[in-house]
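Single-structure report; data block below.
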Amino acid sequence: MLNAAFLQDLKRIVGAAHVACQRSDAEVYSYDGSLIFAKPDAVVFPADTEQTAAVVRLASAAGVPYVPRGFGTNLSGGTVATQGGLIIGLTRLNRILTIEPEGRYAAVQTGVTNLELQQALAPRGFLFAPDPASQKAATLGGNLAENAGGPHCVKYGVTTNHVLGMTAVLPGGEVLQIGGPALDPPGYDVRGVLVGSEGTLAVMTEMVVRIIPTAESLLTMLVVYDDVADAARTVSAIVAAGMTPATLEMMDGSVIRAVEDSKPSGYPRDAAAVLIVEVDGPRAGLDEQAEHIGQLCFQNHCREVRKAKDAAERDLLWAGRRGAFGAIARLAPSFLTADCTVPRTRLPDALAEVATIAQRHQLKHANVFHAGDGNLHPVLLFDPRDPDQVQRVHHAGHEIMQACAALGGTITGEHGVGTEKLEGMRLVFSEDDLEFQRRLRTAFDPWGLLNPGKLIPPRIGDASPPEPAAQGLGDEREWKPKDAAEACQIVRRACVSRRVLLPMGNGTHCEFGDSSDGQAVLLKSTRLTAVTEYDPATQVVGVQAGMSLAALQATLGEHGQWLPLRPPRGGRHTLGGIAALNACGPERLRYGAPRDLALGLKFVSAAGRQISAGGRVMKNVAGYDVTRLLVGSAGTLGFITE
Numbered sequence: 012m013l014n015a016a017f018l019q020d021l022k023r024i025v026g027a028a029h030v031a032c033q034r035s036d037a038e039v040y041s042y043d044g045s046l047i048f049a050k051p052d053a054v055v056f057p058a059d060t061e062q063t064a065a066v067v068r069l070a071s072a073a074g075v076p077y078v079p080r081g082f083g084t085n086l087s088g089g090t091v092a093t094q095g096g097l098i099i100g101l102t103r104l105n106r107i108l109t110i111e112p113e114g115r116y117a118a119v120q121t122g123v124t125n126l127e128l129q130q131a132l133a134p135r136g137f138l139f140a141p142d143p144a145s146q147k148a149a150t151l152g153g154n155l156a157e158n159a160g161g162p163h164c165v166k167y168g169v170t171t172n173h174v175l176g177m178t179a180v181l182p183g184g185e186v187l188q189i190g191g192p193a194l195d196p197p198g199y200d201v202r203g204v205l206v207g208s209e210g211t212l213a214v215m216t217e218m219v220v221r222i223i224p225t226a227e228s229l230l231t232m233l234v235v236y237d238d239v240a241d242a243a244r245t246v247s248a249i250v251a252a253g254m255t256p257a258t259l260e261m262m263d264g265s266v267i268r269a270v271e272d273s274k275p276s277g278y279p280r281d282a283a284a285v286l287i288v289e290v291d292g293p294r295a296g297l298d299e300q301a302e303h304i305g306q307l308c309f310q311n312h313c314r315e316v317r318k319a320k321d322a323a324e325r326d327l328l329w330a331g332r333r334g335a336f337g338a339i340a341r342l343a344p345s346f347l348t349a350d351c352t353v354p355r356t357r358l359p360d361a362l363a364e365v366a367t368i369a370q371r372h373q374l375k376h377a378n379v380f381h382a383g384d385g386n387l388h389p390v391l392l393f394d395p396r397d398p399d400q401v402q403r404v405h406h407a408g409h410e411i412m413q414a415c416a417a418l419g420g421t422i423t424g425e426h427g428v429g430t431e432k433l434e435g436m437r438l439v440f441s442e443d444d445l446e447f448q449r450r451l452r453t454a455f456d457p458w459g460l461l462n463p464g465k466l467i468p469p470r471i472g473d474a475s476p477p478e479p480a481a482q483g484l485g486d487e488r489e490w491k492p493k494d495a496a497e498a499c500q501i502v503r504r505a506c507v508s509r510r511v512l513l514p515m516g517n518g519t520h521c522e523f524g525d526s527s528d529g530q531a532v533l534l535k536s537t538r539l540t541a542v543t544e545y546d547p548a549t550q551v552v553g554v555q556a557g558m559s560l561a562a563l564q565a566t567l568g569e570h571g572q573w574l575p576l577r578p579p580r581g582g583r584h585t586l587g588g589i590a591a592l593n594a595c596g597p598e599r600l601r602y603g604a605p606r607d608l609a610l611g612l613k614f615v616s617a618a619g620r621q622i623s624a625g626g627r628v629m630k631n632v633a634g635y636d637v638t639r640l641l642v643g644s645a646g647t648l649g650f651i652t653e
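Basically the numbering used here = 1-based index in the sequence shown + 11.
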């Protein structure tokens, strides 16, 4: 319970009308879109950054835990006050501050909903690419906290690709301006770490987001299948053919019938699955692209391909897709929505695993998901009044995470970890990986009061057992490890010797930074030159950090592919060097910077431990985005090995 003096101070900061501490208020804010319930002691609604900072300072000084929250559409328990304390409701921060079409950015407060921004941009011929199905109620701050995606992210990327800057209130109440309208500010990518951090590192009050012109033309198709696996295989075939539709959405028969019973949208009730495929861009060539996609659909045994005749028919198809989760409520008293991502080529396997798991636990299920990026949303139907069903649905949800992780995927693509998937984090990260993330969190929030108990599971025993005693580094001035294990040993030996290490690839940017004392020992990646994995169909490649860009482009070129990077000084750059400097080229605006293209990486930390970050799939919000933090860090946070 919060004492009367604390509540009085809250009212002094925001006004008495904007502090809610009655029992009914606690009930209203005790849940989000997940199955997690916990009551806060009070809810406070600041009006701006200054009031938010004052509230955070007050809570920090009093040792009161606090949870930032928008409209609570979160689906993993991330906005529930599981340890009581204070919820900071940000819904009064609801102003669009500026829209700059010529600069292609907009500045907004974080309580603005996604749809409100879209409606303000549309008359100007622009849009904000992330468009989650909950966009009517999902705030942009929530989009940032969860790194939201939506149907169009297969082509345009997720929220992190469209956030340029933010105003953040740190634990303790310090206000930081991070980034801005420019695409690539210098220094560590702090904004990249904050996106997807689920409100555990800072309270965001304002954002600068990238906006893009509305496509000149678009064409929407409904593709009908009698077999779910055929629909899944079609997705891989389209992408493997070198095309990137704006959307590739999939629904199975159970969802189709629920939608048609709820709000008829023109889906065939007898279909096993449908794909909603949308292509956009210049009018020239769009029909040919749609025709090619249609051919691939028939090659993969679709029943028919319907083209939306006009905007009204297109809107009807999308109304059914966006209303799918509401329609599923007709099928059972409650449901658990899983959220895993797998490589596109493994979609048929993942769907088969989901069906097997649901059958084993005697649960009905349905599927509606973002097929284009492999982001599955299996829906497990159950009655929450039956404790046995509740237990079975939680076990089934964990097994689905296990299955998707085993297929090379991740435990959450866009809904976040929150509290629901805490133990699932151990399926994709080692204890060393998790400990690195815990230390990152402590650097932001040493008091542990900001949204505690979320995102990172607690330690199991000693997360970092002592390494065998290492000898000193000796007098050598240059080291070239043959693998990551040897690199770890070299870093530990440098620690014992208190020697400065300078990570380096081929030395194409050896003048970068400041080693004026001349005593730095070179740690070179030039023996780490292997391609560790390559799947042309999913357009993903894994390489060791010492491989040159030219060598990688030659390998990719054999399959008609390339890495869209041409940094200055040509192909002698190593991939690790490009990542370390976030080195861009002339295609940066079209394809993004290295930090936009990197799905994951491995590096040796300053403690001499190998750390894995990210993964192998495009949509992945499991843990902090350490990948973005390392990219552009110039070797100051770790030695990138892969």
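Think of the CB as a built atom: it goes at the ideal place given N, C-alpha and C, for glycine as much as any other residue.
Quickly, what does DSSP pair residue i with across the bridge? List them, please.
| i | result |
| --- | --- |
| Ile622 | Phe614 |
| Met262 | Val285, Val379 |
| Phe650 | Val615 |
| Leu513 | Leu533 |
| Pro224 | Phe137 |
| Ile107 | Val119 |
| Phe346 | Leu392 |
In the DSSP assignment, the beta strand (DSSP E) including residue i goes from what residue to what residue?
| i | result |
| --- | --- |
| Thr231 | 228–236 |
| Phe393 | 389–393 |
| Val55 | 53–55 |
| Pro354 | Segment: none, Pro354 is in no beta strand (DSSP E) and carries neither H nor E. |
| Cys313 | 313–318 |
| Pro79 | 77–80 |
| Glu544 | 542–546 |
| Ile99 | 97–100 |
Where do the ends of the alpha helix (DSSP H) carrying residue i lie?
| i | result |
| --- | --- |
| Phe17 | 15–25 |
| Lys166 | 164–167 |
| Ser71 | 60–73 |
| Gly419 | First-last for Gly419: undefined, no H or E at that position. |
| Ser247 | 239–251 |
| Thr566 | 560–568 |
| Glu38 | 34–39 |
| Gly203 | 201–205 |
| Phe674 | Examination of residue 674 is not possible in this model, given that the chain is present from 12 through 653 alone. |
With the cut-off set at 7 Å, would you say residue i and residue j are in Cβ contact?
| i | j | result |
| --- | --- | --- |
| Val54 | Asp36 | yes |
| Pro76 | Pro359 | no |
| Val642 | Ala617 | no |
| Lys465 | Thr211 | yes |
| Gly81 | Leu97 | no |
| Thr245 | Cys308 | yes |
| Leu86 | Ser41 | no |
| Glu431 | Ala159 | no |
| Glu289 | Ala257 | yes |
| Asp43 | Thr90 | yes |
| Val615 | Ala498 | yes |
| Val270 | Ala343 | no |
| Ala156 | Glu227 | no |
| Tyr5 | Val214 | Any property of residue 5 remains undetermined from this structure, which presents the chain solely from 12 to 653. |
| Pro224 | Gly292 | no |
Taking DSSP as the reference, what is the three-state secondary structure of residue i?
| i | result |
| --- | --- |
| Gln555 | coil |
| Ile47 | coil |
| Asp291 | strand |
| Arg371 | helix |
| Glu487 | coil |
| Gln130 | helix |
| Leu466 | coil |
| Glu598 | coil |
| Glu185 | coil |
| Asp195 | coil |
| Asn172 | helix |
- Message: Three Cβ pairs or more, each shorter than 8 Å: is that satisfied between the stretch 106–113 and the stretch 162–177?
- Response: Pairwise C-beta distances place the stretch 106–113 out of contact with the stretch 162–177, as fewer than three of them are shorter than 8 Å.
- Task: Taking 8 Å as the threshold, find out whether the stretch 414–427 comes into contact with the stretch 346–364 through three or more Cβ pairs.
- Result: Taking a cut-off of 8 Å for Cβ pairs, the stretch 414–427 and the stretch 346–364 touch, as three or more such pairs fall below it.
- Query: Does the count of Cβ pairs from the stretch 276–289 and the stretch 237–256 closer than 8 Å reach three?
  - Reply: Flag = yes, the stretch 276–289 and the stretch 237–256 touch.
- Message: I'd like to know if the stretch 535–542 and the stretch 491–500 are in contact, where contact means that at least 3 CB-CB pairs between them fall below 8 Å.
- Response: The stretch 535–542 is in contact with the stretch 491–500.
- Item | Validate contact between the stretch 441–457 and the stretch 502–515 using beta carbons, cut 8 Å, 3 pairs | Here the stretch 441–457 does not lie against the stretch 502–515, with fewer than 3 beta-carbon pairs under 8 Å apart.
- Contact between the stretch 182–193 and the stretch 121–130: three or more CB pairs below 8 Å? As far as the Cβ criterion goes, the stretch 182–193 does not touch the stretch 121–130, which means the pair count is below three.
- Query: Is there contact between the stretch 430–447 and the stretch 617–627, where contact requires at least three CB pairs shorter than 8 Å?
  - Reply: With the cut-off at 8 Å, the stretch 430–447 and the stretch 617–627 touch.
- Task: Could you tell me whether the stretch 633–653 touches the stretch 589–597, using the rule of 3 or more Cβ pairs below 8 Å?
- Result: As far as the Cβ criterion goes, the stretch 633–653 touches the stretch 589–597, which means the pair count is three or higher.
- Message: Below 8 Å, how does it come out for the stretch 55–63 and the stretch 187–196: are there three or more Cβ pairs, yes or no?
- Response: Put simply, the stretch 55–63 does not touch the stretch 187–196. Fewer than three CB pairs are less than 8 Å apart.
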